[in-house]
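Peer 1:
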Amino acid sequence: MDLIWDGITEAFRLIFTGDGYVFDITLLSLLVSGGATLVALVIGLTVASVLAFRAPPGRTMALSVFNAGMALPPVAVGLLVAIMLWRSGPLGQLHLLYTPGAIVAAQAVIATPVITAISAAGLQGVPPRLRLQVLALGASRWQAMLLLFREARLSLLAALIAGFGAAISEVGATMMVGGNIKGSTRTLTSAIVLEVQQGDFETAIALSFILLTVVFVVIGAFTAVQQRRPAS
Amino acid sequence: MLSPTRRPPLIPFAIAFLALVGGCGGNGDSVVVGATTSLQDSGILEELIAAFEDNSGYEVRPVVAGTGQVLELAGRGELDITLTHSPADEALLIEAAETIERRTVMQNSFVLVGPKGDPAGVSSAGSLAEALAAVAAAEATFISRGDESGTHVRELSAWEAAGIVPGGNSWYQESGVGQGQNLVIASDKAAYALTDTATFIVLRDRLDLVAYFTDPDRPNVYSAMLVNPDKHPEVADEAARALLEFLVSAEGRRIIAEFGREEYGLPLFELPSPD
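Chains W and L supply the protein sequences, listed in that same order.
With this note's numbering, the residue at position 5 of the first sequence is 5, and numbering never jumps.
With this note's numbering, the residue at position 111 of the second sequence is 111, and numbering never jumps.
#1: Since Gln173 of chain L and Thr151 of chain L should fall inside the 8 Å C-beta cutoff, what is the C-beta to C-beta distance between them, to a whole number of angstroms?
#2: Which residues of chain W have a Cβ atom closer than 8 Å to the Cβ of Pro62 of chain L, listed in chain order?
#3: Ignore the nearest five residues each way along the sequence and tell me which others in Thr199 of chain L's own chain have a CB closer than 8 Å to its CB.
#4: Against chain L, does Tyr21 of chain W count as a neighbour if the rule is that its beta carbon must be under 9 Å from one of theirs?
#5: Count the other CB atoms within 10 Å of the CB of Pro57 of chain W; is the residue buried (16 or more) or exposed (fewer)?
#6: Let me know if Pro62 of chain L comes out buried or exposed under the rule of 16 or more other beta-carbons within 10 Å of its beta-carbon.
#7: Please go through the same chain and pick out, in chain order, the residues whose beta-carbon is closer than 7 Å to the beta-carbon of Ser253 of chain L, but skip the five residues on each side of it.
#8: Going along the chain, which residues of the region 103-120 of chain W sit with their C-beta nearer than 7 Å to a C-beta in chain L?
#9: Tell me the start and end of each unbroken beta strand (DSSP E) in the region 15-96 of chain L that is at least 3 residues and wholly inside, in chain order.
#10: Among residues of its own chain, excluding the 5 on either side of Gly179 of chain W, which ones have a beta-carbon nearer than 7 Å to its beta-carbon?
#11: Identify each residue in the region 78-103 of chain W for which the Cβ-Cβ distance to at least one residue of chain A is less than 7 Å, and report them in chain order.
#12: Please report whether the beta-carbon of Ser187 of chain L lies at a distance below 9 Å from any beta-carbon of chain W.
#13: Going by Cα to Cα distance, which pick from L:Arg154, L:Ser249, L:Val235 and L:Ala74 is closest to Gln93 of chain W?
#14: If we ignore side chains and look at the alpha-carbon of each, how far apart do Gln227 of chain W and Asp6 of chain W end up?
#15: Could you check if Tyr21 of chain W is buried or exposed, using at least 16 other CB atoms within 10 Å of its CB as the buried criterion?
#16: Below 9 Å between beta carbons: does that hold for Glu46 of chain L and Ile255 of chain L?
#17: Grab the span of the beta strand (DSSP E) containing Phe23 of chain W for me, first residue to last.
#18: Mind pulling the chain W residues with CB within less than 8 Å of Leu285 of chain L?
#19: Less than 9 Å between CB atoms is the rule here; does Ser184 of chain W satisfy it with respect to chain L?
#20: Per DSSP, what are the beta-bridge partners of Asp196 of chain L in this structure?
#21: Let's test the definition: count the other Cβ atoms within 10 Å of the Cβ of Trp142 of chain W and tell me whether it reaches 16, buried, or not, exposed.
#22: How would you write the range of the alpha helix (DSSP H) that Val109 of chain W sits in, first residue to last?
#23: Relative to the C-alpha of Thr197 of chain L, which residue among L:Glu245, L:Asn169, L:Leu266 and L:Asn108 is closest?
#24: Tell me the DSSP bridge mates of Thr151 of chain L?
#25: Can you tell me the Cβ-Cβ gap for Val60 of chain L and Gly34 of chain L, rounded? I've got them flagged as a contact below 8 Å.
#26: What in chain W is Cβ-close to Arg76 of chain L, meaning under 9 Å?
#27: Nearest-angstrom Cα distance between Thr213 of chain W and Leu207 of chain W?
#28: Glu263 of chain L CB to nearest chain W CB: under 9 Å?
#29: Is the Cβ-Cβ distance between Val113 of chain L and Thr36 of chain L less than 9 Å?
#30: Show which residues of chain L have a CB atom less than 7 Å away from the CB atom of Val217 of chain W.
#31: Restricting to Cα atoms, I'd like to know which of L:Phe269, L:Ala191, L:Asn55 and L:Glu72 is closest to Leu92 of chain L.
#32: Where does Ile49 of chain L land, buried or exposed, given buried means 16+ other C-beta within 10 angstroms?
#33: Closer than 6 Å by C-beta to Ala131 of chain L: which residues in its own chain qualify, once you throw out the five before and the five after it? Chain order, please.
#34: Using only alpha-carbon positions, find the residue among L:Glu90, L:Pro219, L:Asp217 and L:Lys189 that is nearest to Leu207 of chain L.
#35: May I have the straight-line CA-CA distance separating Val225 of chain W from Ile83 of chain W, to the nearest angstrom?
#36: Could you say if the region 145-158 of chain W and the region 121-134 of chain W meet the contact criterion of at least three C-beta pairs nearer than 8 Å?
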């Protein structure tokens, strides 16, 4: 237990002395996971809208796939993305392996099914006739979609929160495609792994505490938006 | 009221993503080096890389893994240069012409560490094989890397010399982790483990382990190899060569010979004996 208190004390010391190394890896974690969440959000909302509003054939099958995708093992995703990005792989020409871009790609693959599945469930919960009514009242298709998104706001923000949570807490794929390079691809999670490997548990706990704090602040902000009453 | 037509801001998202990915992409001035965990855990890798980057202007991307994985990636042309410590496996890659220009860079010793009091009595052994035989005879817990790293390869060859098959015994456990974490596990379980002197010295304050036996027969030799650009045209040959030359240059040799002297009171690596 002493170790945990020492770790938390160390976390405060690192935060308040403005430790450059910790600042850099925290910023990288936020940028990379934020970027991955944005990518996953764009893809996930598009796919979820099509599945919910267009009801294409095979919708149940597709939803099963995305629901199962919420349990994608990150290590397997990391391995697949790494092989794609190898020099000998189909995307080798991008020279993305062992760069932050590779981590964005891997985390986006992990977050996309989460966002798609939860968004689709939320959008399917909107009464189907509402869309037709809004269109009949002369709304453009974009306006109708925005209105339906607003109706499903609680679920969509839950999807965003779950997707960001999956991305920023991920480490297996992050290390496999990023390489844990100091100053370039070392995130909060991969830094924690490194400290544990080297037996420096105090610093590992300090970094864990910082990660939890960051997650709490970001997700707390999303939750505040989610719970805000819509302006009428 | 519906607001006037407003498109979802897809385009700004797309631009931001492309900028992020583009800005993070690789360039021709970087070199990917595959190195073993013991070099990272002792800290010398970071110091050598920092000095090389300052000297040369190249950017280094270290991929840290066990020797087995590093050599596998090198054989596929996914790395530019390797820094490993399993001479027999390195020789196989050279023979297959997947890698070229193997140069010994530094060395230290393999050391058998164990719990206080040396319950298996390994310290009086005459060879690493004898020391491991003592561990087996006492059925003392032994934590093996189990990952085809250079240390694991050395361990297996000593078991073989002792005529013992350790696998399947409850006292023999395979951790599958890097050099440093393997020691942390051994310390926690009051077990024996094979490691290298540098990693042990760096971590010993955090461990409940004592070094009992230094392998007298085989030094722990680290060699660098270039991935063969004739077989793998996509390697950053020029940058890799520059790094190789740096590792054996006067500056590189000075860093190696001095590393650890200030912090631990003794150098953690030696320069290789002249070939």
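Glycine is no exception: its CB is placed at the ideal position from the N, C-alpha and C atoms.
On a predicted model such as this, the values are computed, not experimentally measured, just so you know.
Peer 2: The answer reads as follows:
#1: Position 173 of the second sequence holds residue 173 of chain L. Position 151 of the second sequence holds residue 151 of chain L. Going by Cβ atoms, the distance from Gln173 of chain L to Thr151 of chain L rounds to 15 Å, so no, they are not a contact pair.
#2: The residue given as residue 62 of chain L occupies position 62 in the second sequence. Within 8 Å Cβ-Cβ: Gly179 and Ile181.
#3: The count along the second sequence starts at 1 and reaches residue 199 of chain L at position 199. So the list reads Ser38, Asp41, Ser42, Gln179, Gly180 and Leu183, once near-sequence residues are dropped.
#4: For the purposes of this step, residue 21 of chain W is taken as the residue at position 21 of the first sequence. Judged by the 9 Å Cβ criterion, Tyr21 of chain W is not in contact with chain L.
#5: Within the first sequence, the letter at position 57 stands for residue 57 of chain W. Exposed is the call here.
#6: Sequence index remark: in the second sequence, residue 62 of chain L carries index 62 (1-based). By the 10 Å Cβ count, Pro62 of chain L comes out buried.
#7: For the purposes of this step, residue 253 of chain L is taken as the residue at position 253 of the second sequence. For clarity, residue 253 of chain L is Arg in the given sequence; the question names Ser instead. Answer for Arg253 of chain L: Leu271, listed in chain order.
#8: Per Cβ criterion, the list reads Val104.
#9: 30-35, 59-64 and 81-84
#10: Along the first sequence, one-based indexing puts residue 179 of chain W at 179. Result list for Gly179 of chain W: Tyr98 and Thr185, in chain order.
#11: Note that chain A does not occur in the displayed structure, where the protein chains are W and L.
#12: Counted from its first residue, the second sequence places residue 187 of chain L at position 187. It does; some Cβ of chain W falls within 9 Å.
#13: Start at 1 with the first residue of the first sequence, and residue 93 of chain W comes out as number 93. Of the candidates L:Arg154, L:Ser249, L:Val235 and L:Ala74, the one whose C-alpha sits nearest the C-alpha of Gln93 of chain W is L:Val235.
#14: Taking the first sequence and counting its residues from 1, one reaches residue 227 of chain W at position 227. Taking the first sequence and counting its residues from 1, one reaches residue 6 of chain W at position 6. Between Gln227 of chain W and Asp6 of chain W, the C-alpha separation is close to 36 Å.
#15: For the purposes of this step, residue 21 of chain W is identified with residue 21 of the first sequence, where counting begins at 1. Tyr21 of chain W should be labelled exposed.
#16: For the purposes of this step, residue 46 of chain L is identified with residue 46 of the second sequence, where counting begins at 1. For the purposes of this step, residue 255 of chain L is identified with residue 255 of the second sequence, where counting begins at 1. Not in contact: Glu46 of chain L and Ile255 of chain L (Cβ atoms no closer than 9 Å).
#17: As a position in the first sequence, residue 23 of chain W is number 23, starting the count at 1. Not the beta strand (DSSP E): Phe23 of chain W falls in the alpha helix (DSSP H), residues Gly20 to Ser49.
#18: Because chain L in this structure spans residues 1 to 275, residue 285 of chain L falls outside the shown range and cannot be described.
#19: The residue labelled residue 184 of chain W in the question sits at position 184 within the first sequence. The beta-carbon of Ser184 of chain W is placed less than 9 Å from the nearest beta-carbon of chain L.
#20: Along the second sequence, one-based indexing puts residue 196 of chain L at 196. Per DSSP, L:Phe110.
#21: By 1-based counting over the first sequence, the position of residue 142 of chain W is 142. Trp142 of chain W is classed as exposed because its beta carbon has fewer than 16 other beta carbons within 10 Å across all chains shown.
#22: Within the first sequence, residue 109 of chain W is the residue found at index 109, counting from 1. The continuous alpha helix (DSSP H) containing Val109 of chain W extends over residues Pro100 to Gln124.
#23: The residue labelled residue 197 of chain L in the question sits at position 197 within the second sequence. Of the candidates L:Glu245, L:Asn169, L:Leu266 and L:Asn108, L:Asn108 places its Cα closest to the Cα of Thr197 of chain L.
#24: In the second sequence, residue 151 of chain L corresponds to position 151, counting from 1. DSSP output for Thr151 of chain L lists no bridge partner at all.
#25: Numbered from its first residue, the second sequence carries residue 60 of chain L at position 60. Numbered from its first residue, the second sequence carries residue 34 of chain L at position 34. The Cβ separation is near 11 Å, so there is no contact.
#26: Taking the first residue of the second sequence as position 1, residue 76 of chain L is located at position 76. Counting only Cβ-Cβ distances below 9 Å, Arg76 of chain L has contacts in chain W at Trp86, Arg87 and Ser88, in chain order.
#27: Sequence index remark: in the first sequence, residue 213 of chain W carries index 213 (1-based). Sequence index remark: in the first sequence, residue 207 of chain W carries index 207 (1-based). Cα to Cα, the separation comes out at about 10 Å.
#28: Sequence index remark: in the second sequence, residue 263 of chain L carries index 263 (1-based). No - not a single Cβ of chain W is within 9 Å of the one on Glu263 of chain L.
#29: Counting from one through the second sequence, the residue named residue 113 of chain L turns up at place 113. Counting from one through the second sequence, the residue named residue 36 of chain L turns up at place 36. Taking 9 Å as the Cβ cut-off, Val113 of chain L and Thr36 of chain L do not qualify as a contacting pair.
#30: As a position in the first sequence, residue 217 of chain W is number 217, starting the count at 1. Under the 7 Å cutoff, chain L gives no residues; its nearest Cβ is about 21 Å from Val217 of chain W.
#31: Taking the first residue of the second sequence as position 1, residue 92 of chain L is located at position 92. Ranking the options by Cα distance to Leu92 of chain L, first place goes to L:Glu72.
#32: Locating residue 49 of chain L in the second sequence gives position 49, counting from the first residue. Result: buried.
#33: Position 131 of the second sequence holds residue 131 of chain L. Sequence-distant Cβ neighbours of Ala131 of chain L in its own chain, meaning closer than 6 Å and more than five residues away, are Leu112, Val122, Ala125 and Phe213.
#34: As a first step, residue 207 of chain L is located in the second sequence; it is residue number 207 there, counting from the start. Nearest option by C-alpha distance: L:Lys189.
#35: Counted from its first residue, the first sequence places residue 225 of chain W at position 225. Counted from its first residue, the first sequence places residue 83 of chain W at position 83. Computed Cα separation, rounded: 39 Å.
#36: yes
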